[in-house]
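Remarks on the structure that follows.
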Ligand code: GLA
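Residue numbers (my numbering): 19 to 400.
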């Protein structure tokens with residue numbers, strides 16, 4: 019297959035791990051695919067349905083092939099994948115560059131080319147490739163290059179989602195392996211502290227996040243509300259304000275938007291957060307420019323992110339990581355707008371879907387604890 023552009027903007031989809039852990043099955047995948055269509059997620063852009071660890075039997079078959087766990091998938095993997103495709107969605111699967119996956123199912127080490135071929139034959143469109151049980155003598159760079167080449171030789175366009183947890187300065191070399199996304203952090207947990215910790219750890223790496231290979235800040239926890247079967251992820255939950263801020267951060271920082279809650283049972287607020295067209299448009303902007311961070315005048319726990327968009331607008335996010343409300347004030351000269359320029363910014367509120375009018379010199383807002391604002395700003399003469 020000839021070097022096609024497999025992914026132009028950060029991939030969007032759903033992944034089984036955060037909520038379902040090892041409790042995955044044909045029934046779950048089919049009902050999730052149905053729900054993604056019925057509740058408007060597919061329409062909003064979520065196209066990949068990704069099954070994580072624990073889908074396979076603990077042993078390969080006599081020919082060395084991976085086999086779907088017959089209890090979880092009695093009709094095999096291909097029939098589930100065909101069903102997902104019939105709903106207009108793409109299918110993602112999981113493996114690992116080591117000898118075992120993280121949950122001790124067979125990994126793809128030394129089976130890269132045959133596994134890639136098998137995934138292609140089943141109709142897989144996306145491979146999440148983990149980093150557990152890896153021989154310490156073989157550098158990760160070689161192992162990710164190897165699977166990338168195996169996928170490229172498989173005869174099918176398969177998005178290669180490397181999951182190397184940010185180890186070995188992965189942002190420096192992952193793009194050159196051919197991967198389309200790379201996990202840059204440890205596993206997310208369903209808590210505000212986890213969201214804060216992941217975001218803070220990635221501001222300095224935003225330069226390495228661009229078209230062709232996106233920095234994956236891990237599966238979203240929006241809408242989990244402390245539920246699910248995963249004891250590592252499910253640690254209490256967040257408020258809807260915190261989920262909103264998490265979603266806006268991931269969108270502004272060009273992370274893939276991979277939903278992790280049970281999409282068959284979402285609250286109206288969860289659906290509203292996940293399907294907000296104005297926020298998704300910022301994440302999916304075709305230029306894929308990284309954002310920059312500005313300190314704000316007023317609170318040490320608050321900051322502003324600014325992302326230039328392809329139509330000349332700017333996405334501007336106000337964030338408050340503090341435990342009390344913060345006054346956030348953006349002075350436009352910090353974005354490049356000189357006092358003498360004769361221009362102001364026309365503000366549109368992406369969370370309330372309201373025009374706020376043209377502002378000159380600065381704009382301030384009081385942002386609640388762990389809250390955010392997201393504006394789309396257009397330069398206007400004043
Ligand atoms: C690692 C990954 C997770 C998940 C699990 C599965 O911890 O980082 O995202 O895929 O493995 O075992």
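Cβ coordinates follow ideal geometry from the N, Cα and C atoms, glycine included.
Counted within 10 angstroms of its Cβ, other Cβ atoms place residue i as buried (16 or more) or exposed
{"i": "residue 371", "result": "exposed"}
{"i": "residue 124", "result": "buried"}
{"i": "residue 357", "result": "exposed"}
{"i": "residue 373", "result": "exposed"}
{"i": "residue 351", "result": "exposed"}
{"i": "residue 130", "result": "buried"}
{"i": "residue 26", "result": "exposed"}
{"i": "residue 55", "result": "exposed"}
{"i": "residue 379", "result": "exposed"}
{"i": "residue 342", "result": "exposed"}
{"i": "residue 400", "result": "exposed"}
{"i": "residue 34", "result": "buried"}
{"i": "residue 384", "result": "exposed"}
{"i": "residue 208", "result": "buried"}
Cβ-heavy atom distance, residue i to the ligand GLA, below 7 Å
{"i": "residue 183", "result": "yes"}
{"i": "residue 147", "result": "no"}
{"i": "residue 120", "result": "yes"}
{"i": "residue 144", "result": "no"}
{"i": "residue 66", "result": "no"}
{"i": "residue 112", "result": "yes"}
{"i": "residue 35", "result": "yes"}
{"i": "residue 79", "result": "no"}
{"i": "residue 70", "result": "yes"}
{"i": "residue 234", "result": "no"}
{"i": "residue 87", "result": "no"}
{"i": "residue 208", "result": "no"}
{"i": "residue 186", "result": "no"}
{"i": "residue 205", "result": "yes"}
Paired residues, beta bridge with residue i - DSSP
{"i": "residue 30", "result": "275"}
{"i": "residue 384", "result": "345"}
{"i": "residue 74", "result": "86"}
{"i": "residue 111", "result": "145"}
{"i": "residue 67", "result": "32 and 109"}
{"i": "residue 362", "result": "398"}
{"i": "residue 233", "result": "200"}
{"i": "residue 305", "result": "DSSP output for residue 305 lists no bridge partner at all."}
{"i": "residue 321", "result": "313 and 337"}
{"i": "residue 377", "result": "363"}
Same chain, Cβ closer than 8 Å to residue i, neighbours up to 5 away in sequence not counted
{"i": "residue 284", "result": "57, 241 and 292"}
{"i": "residue 20", "result": "Below a pLDDT of 50, predicted positions are generally treated as unreliable, and residue 20, at 49, falls in that range; the measurement from the model is reported next regardless. Closer than 8 Å at the Cβ level, and outside the excluded window around residue 20, lies no residue."}
{"i": "residue 398", "result": "361, 362, 363, 364 and 376"}
{"i": "residue 317", "result": "338, 340, 344, 345 and 346"}
{"i": "residue 233", "result": "189, 199, 200, 202, 220, 223, 224, 226, 227, 271, 272 and 273"}
{"i": "residue 386", "result": "259, 338 and 343"}
{"i": "residue 49", "result": "282"}
{"i": "residue 237", "result": "33, 35, 36, 206, 276, 277 and 278"}
{"i": "residue 153", "result": "116, 117 and 127"}
Same chain only: Cβ atoms within 6 Å of residue i, ignoring 5 sequence neighbours per side
{"i": "residue 269", "result": "297, 300 and 301"}
{"i": "residue 172", "result": "134, 135 and 138"}
{"i": "residue 320", "result": "314, 338, 344 and 346"}
Interface flag, residue i vs chain B, CB-CB below 8 Å
{"i": "residue 67", "result": "Among the chains of the structure shown, chain B does not appear; only one protein chain is present."}
Cut-off 7 Å between Cβ atoms - residues of its own chain near residue i, not counting five sequence neighbours on either side
{"i": "residue 243", "result": "255"}
{"i": "residue 389", "result": "259, 263 and 338"}
{"i": "residue 93", "result": "44"}
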